[in-house]
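*Asks:* Here my numbering = 1-based position in the sequence shown + 1331. The beta carbon of each residue, even a glycine, is placed where N, CA and C say it ideally should be. Note that the structure is a prediction, hence the values are computed from the model and not measured.
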Amino acid sequence: MTNKLNNMNSIVRFSFVSLSILMLVSCGTGAKEKKGDVGDLKVKLEKLKKEKNSLDAEILSLENEIVKADPNAALEVKKLVAVDTLRIQDFVHYIDLQGRIDAEGVAYVAPTGQGGLVKAVYVKAGQKVGKGQLILKLDDALARQNVIMAQQQVGQLKARLAQAQTVYERYQNLWKQNIGAEIQVINAKADVDALQSQVKAAQAQVGMAQEQVNMSNVYAQISGVIEEMNVKPGEFFSPQSASQPGMGIRIVNNSMMKVVTAIPENYVARVKKGDKVEVLISETGKPPYQSVINMVGSSIDAKTRSFTTEAKLPTDPLLKPNQTATMKILDYMAKGAVVVPVNVVQTDDKGKYVFVMEKSGDKMIARKKPVLVGQEYNGLFEVKSGLTGGDLIITEGYQTVYDGQSVTVGN
1332 MTNKLNNMNS IVRFSFVSLS ILMLVSCGTG AKEKKGDVGD LKVKLEKLKK EKNSLDAEIL
1392 SLENEIVKAD PNAALEVKKL VAVDTLRIQD FVHYIDLQGR IDAEGVAYVA PTGQGGLVKA
1452 VYVKAGQKVG KGQLILKLDD ALARQNVIMA QQQVGQLKAR LAQAQTVYER YQNLWKQNIG
1512 AEIQVINAKA DVDALQSQVK AAQAQVGMAQ EQVNMSNVYA QISGVIEEMN VKPGEFFSPQ
1572 SASQPGMGIR IVNNSMMKVV TAIPENYVAR VKKGDKVEVL ISETGKPPYQ SVINMVGSSI
1632 DAKTRSFTTE AKLPTDPLLK PNQTATMKIL DYMAKGAVVV PVNVVQTDDK GKYVFVMEKS
1692 GDKMIARKKP VLVGQEYNGL FEVKSGLTGG DLIITEGYQT VYDGQSVTVG N
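(1) Count the other CB atoms, across all protein chains shown, that sit within 10 Å of the CB of Met1560; report buried if there are 16 or more and exposed otherwise.
(2) Excluding the 5 residues flanking Val1627 on each side, which residues of the same chain have their C-beta closer than 6 Å to its C-beta?
(3) What residue from Val1549, Asn1709, Val1732 has the CA that sits closest to Ile1426's CA?
(4) I need the DSSP call for Leu1372, collapsed to helix, strand or coil.
(5) According to DSSP, which residues form a beta bridge with Gly1555?
(6) What ranges does the beta strand (DSSP E) occupy inside the stretch 1565 to 1634, keeping only unbroken runs of at least 3 residues that lie completely in it?
(7) Measuring alpha carbon to alpha carbon, tell me which residue in Val1478, Val1704, Ile1624 is nearest Val1537.
(8) Quick one: Cα of Val1669 to Cα of Gln1429, how far?
(9) Under 8 Å, with one C-beta from each stretch per pair, do the stretch 1691 to 1707 and the stretch 1715 to 1728 reach the 3-pair mark?
(10) Under 7 Å between the Cβ atoms of Gln1594 and Ala1438?
(11) Given Ser1572, which residues of its chain have a CB within under 6 Å of its CB, disregarding the five upstream and five downstream residues?
(12) Indicate whether the contact test is met: 3 or more Cβ pairs, each with one atom in the stretch 1607 to 1619 and one in the stretch 1464 to 1477, closer than 8 Å.
(13) Measure the alpha-carbon distance for Gly1457 versus Gly1463 and round it to whole angstroms.
(14) For Gln1654 and Arg1581, what's the separation of their Cα atoms in angstroms?
(15) Beta-carbon within less than 7 Å of Tyr1321's beta-carbon, same chain only, minus the 5 sequence neighbours each way: which residues are those?
(16) Once DSSP output is grouped into helix, strand and coil, what is the label at Ala1665?
(17) Applying the criterion that 16 or more other CB atoms from any shown protein chain within 10 Å of the CB defines a buried residue, is Thr1592 buried or exposed?
(18) Just the C-alpha distance for Gly1741 and Ala1642, rounded to the nearest angstrom, thanks.
(19) When the Cα of Leu1488 is compared with those of Val1523, Ser1691, Leu1505, Gly1565, which residue comes out closest?
(20) Does DSSP put Gly1721 in a helix, a strand or coil?
(21) Could you give the residue range of the beta strand (DSSP E) that holds Leu1644?
(22) Are Glu1566 and Val1440 touching if we call contact CB-CB under 7 Å?
(23) How long is the line joining the alpha carbons of Asp1470 and Ser1547, rounded to whole angstroms?
(24) CB-CB under 6 Å to Val1732, same chain, minus the five flanking residues each way: which ones, in chain order?
(25) When DSSP labels each residue in this structure, what does Asn1548 get in the three-state scheme?
(26) Relative to the C-alpha of Gln1482, which candidate in Thr1719, Ala1521, Ala1535, Gln1736 has its C-alpha closest?
(27) Starting from Arg1418 and walking both ways along the alpha helix (DSSP H), at which residues does that stretch end?
(28) Once you ignore the five residues that flank Gln1515 on each side, which residues in its own chain have a CB closer than 6 Å to its CB?
(29) Helix, strand or coil, according to DSSP, for His1424 in the structure here?
(30) Taking the straight line between their C-alpha atoms, what separation do you get for Val1454 and Met1539?
(31) For Thr1655, which of helix, strand or coil comes out of DSSP?
(32) Is it right to say Gly1486 is buried, meaning 16 or more other beta carbons lie within 10 angstroms of its own, or is it exposed?
(33) By DSSP's criteria, Lys1694 is part of a beta bridge. Which residues make up the other side?
(34) Count the other CB atoms within 10 Å of the CB of Gly1447; is the residue buried (16 or more) or exposed (fewer)?
(35) Please confirm whether Ile1725 and Val1414 have their CB atoms less than 7 Å apart.
(36) With distances taken between CB atoms, is the gap from Gly1720 to Ile1419 smaller than 7 Å?
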């Protein structure tokens, strides 16, 4: 009897060793044939699964024969496992994507006209400024000279207009007394009308010249902090030079921050305005910021095949534009779900399953339970069916147990 048991134990050990070698060989072969035909790899996988199932059945049969031959041997074949009680809990799924922090209030300062030589700069980098504050002054000598000339022109035309009006009034009074010719009155009135038009045109020229003077003053469009100041007195400053990287003046208002993220187009049906998000910026050392998506792009970028989303962030001095952030978009939630670790879920030719520990008579056995899983996130599966709260799921030793095997829980 002892020899028979030893032979059976040898067969069991041989079966386990053979299975281990077979799995190692299959893994090694798979690594070498990464570029091989996927169909062939699937065929090999199915073949190995069938061989494993056959070995499992043979092991179970041998262990049953051992127990029949020697009931005391049942204690020797118990598998030591670890179990955990399944609990009902809420399951959430997030879409984790990388984004960047940006300021909603960003202004690139530029002159309103054609620009000119910088005469004076009144602020420096890092300085706080208010909306409408004078930032710098361009050379306005020529513009002021044009204003003076236009004003002189207006003065001359007004003097001529006053003279023409006096002549017109005299001719009109004489004509009322039947003295002189009517044509003199008409011509005098035409001179007055012409000069009035010239005065209006000259006054418009004064306004335009004064506007050119005003354009030499460059103001802050928003309140904020001077983030970049790359303009010095004596340099030429224009809208074109202001738009070049590293050449202009940039004001940032950090009181209004947001996270901008490019979402791959395959999520277009899962991401929408109003979705809850968590924004993690590791450099701050703070918990994730809670927010919602307040903007979803209406088009797909042709190069990146993605659309843009934005979510506002609270005021925080630790948040800086262009910081890297992780945006976690909540796209699925299940209340009161059964949740299991991903690693305990195994797969065979019939589908996915887990092992649980159940009482059978006066002993505990491993029982194979087919399961239907849903979403996966953060190392957890949502179990749609097959398990209930309170089940004892095997969390250690599940790789080497089989359906119906006697098990015991380690201390």
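*Replies:* Based on what the coordinates show:
(1) Counted from its first residue, the sequence shown places residue 1560 at position 229. With 16 or more Cβ atoms within 10 Å of its Cβ, Met1560 is classed as buried.
(2) For the purposes of this step, residue 1627 is identified with residue 296 of the sequence shown, where counting begins at 1. Excluding residues within five positions, the ones whose Cβ falls inside 6 Å are Lys1604, Thr1640.
(3) In the sequence shown, counting from the first residue as 1, residue 1426 sits at position 95. Of the listed residues, the one whose Cα sits closest to Ile1426 is Asn1709.
(4) Mapped onto the sequence shown, residue 1372 falls at position 41. Helix.
(5) In the sequence shown, the residue the question calls residue 1555 occupies position 224. Gly1555 is bridged to Val1460.
(6) 1580 to 1595, 1607 to 1611, 1620 to 1627
(7) Taking the sequence shown and counting its residues from 1, one reaches residue 1537 at position 206. For Val1537, the closest of Val1478, Val1704, Ile1624 by C-alpha to C-alpha distance is Val1478.
(8) The residue you call residue 1669 lines up with position 338 of the sequence shown. The residue you call residue 1429 lines up with position 98 of the sequence shown. Their Cα atoms are separated by approximately 30 Å.
(9) yes
(10) Here the question's residue 1594 lines up with position 263 in the sequence shown. Here the question's residue 1438 lines up with position 107 in the sequence shown. One point to set straight first is that residue 1594 is Ile, not Gln, in the sequence displayed. Not a contact, by the Cβ cut-off of 7 Å.
(11) Numbered from its first residue, the sequence shown carries residue 1572 at position 241. Closer than 6 Å at Cβ, skipping near neighbours: Met1578.
(12) no
(13) Counting from 1 along the sequence shown, the entry for residue 1457 is found at position 126. Counting from 1 along the sequence shown, the entry for residue 1463 is found at position 132. Whole-angstrom Cα-Cα distance: 17 Å.
(14) Counted from its first residue, the sequence shown places residue 1654 at position 323. Counted from its first residue, the sequence shown places residue 1581 at position 250. Cα-Cα distance, rounded: 17 Å.
(15) With the chain covering 1332 to 1742 only, the question about residue 1321 has no answer from this structure.
(16) Here residue 1665 refers to the residue found at position 334 when the sequence shown is read from its first residue. Ala1665 falls in the strand class under three-state DSSP.
(17) One-based indexing of the sequence shown puts residue 1592 at position 261. Label assigned to Thr1592: buried.
(18) By one-based count along the sequence shown, residue 1741 stands at place 410. By one-based count along the sequence shown, residue 1642 stands at place 311. If you take the alpha carbons of Gly1741 and Ala1642, they lie about 49 Å apart.
(19) Stepping through the sequence shown from its first residue, residue 1488 is reached at position 157. Cα-wise, what sits closest to Leu1488 is Val1523.
(20) Stepping through the sequence shown from its first residue, residue 1721 is reached at position 390. Gly1721: coil per DSSP, three-state reduction.
(21) Taking the sequence shown and counting its residues from 1, the one referred to as residue 1644 is at position 313. Counting along the chain, the beta strand (DSSP E) containing Leu1644 begins and ends at 1637 to 1644.
(22) Your numbering for residue 1566 matches position 235 in the sequence shown. Your numbering for residue 1440 matches position 109 in the sequence shown. Cβ distance not < 7 Å, so Glu1566 and Val1440 don't count as in contact.
(23) Numbered from its first residue, the sequence shown carries residue 1470 at position 139. Numbered from its first residue, the sequence shown carries residue 1547 at position 216. Approximately 7 Å between the Cα atoms of the pair.
(24) The residue given as residue 1732 occupies position 401 in the sequence shown. Cβ neighbours of Val1732 beyond the five flanking positions: Lys1410, Phe1686, Ala1697.
(25) Locating residue 1548 in the sequence shown gives position 217, where the first residue counts as 1. Asn1548: strand per DSSP, three-state reduction.
(26) Residue mapping note: residue 1482 aligns to position 151 of the sequence shown, counting from 1. The residue with the shortest Cα to Cα distance from Gln1482 is Ala1535.
(27) On the sequence shown, position 87 is the one that residue 1418 refers to. Per DSSP, Arg1418 belongs to no alpha helix (DSSP H) and is neither H nor E.
(28) As a first step, residue 1515 is located in the sequence shown; it is residue number 184 there, counting from the start. Annotation for Gln1515: Tyr1502 place their beta carbon closer than 6 Å to its own, counting only its chain and skipping 5 residues before and after.
(29) Translated into the one-based positions of the sequence shown, residue 1424 becomes position 93. Strand at His1424.
(30) Position 123 of the sequence shown, counted from the start, is the residue given in the question as residue 1454. Position 208 of the sequence shown, counted from the start, is the residue given in the question as residue 1539. Taking the straight line from one Cα to the other gives about 28 Å.
(31) Translated into the one-based positions of the sequence shown, residue 1655 becomes position 324. Look at Thr1655 here: in three-state DSSP terms it is strand.
(32) One-based indexing of the sequence shown puts residue 1486 at position 155. Its Cβ having fewer than 16 others within 10 Å, Gly1486 is exposed.
(33) Along the sequence shown, read from residue 1 onward, the residue named residue 1694 stands at position 363. Beta-bridge pairing links Lys1694 to Ser1691.
(34) As a working mapping, residue 1447 is identified with position 116 in the sequence shown. Gly1447 should be labelled buried.
(35) Along the sequence shown, read from residue 1 onward, the residue named residue 1725 stands at position 394. Along the sequence shown, read from residue 1 onward, the residue named residue 1414 stands at position 83. Yes, Cβ-Cβ distance for Ile1725 and Val1414 is below 7 Å.
(36) Reading the sequence shown from its first residue, position 389 is the one you call residue 1720. Reading the sequence shown from its first residue, position 88 is the one you call residue 1419. It is a contact, given that the beta carbons lie within the stated cut-off.
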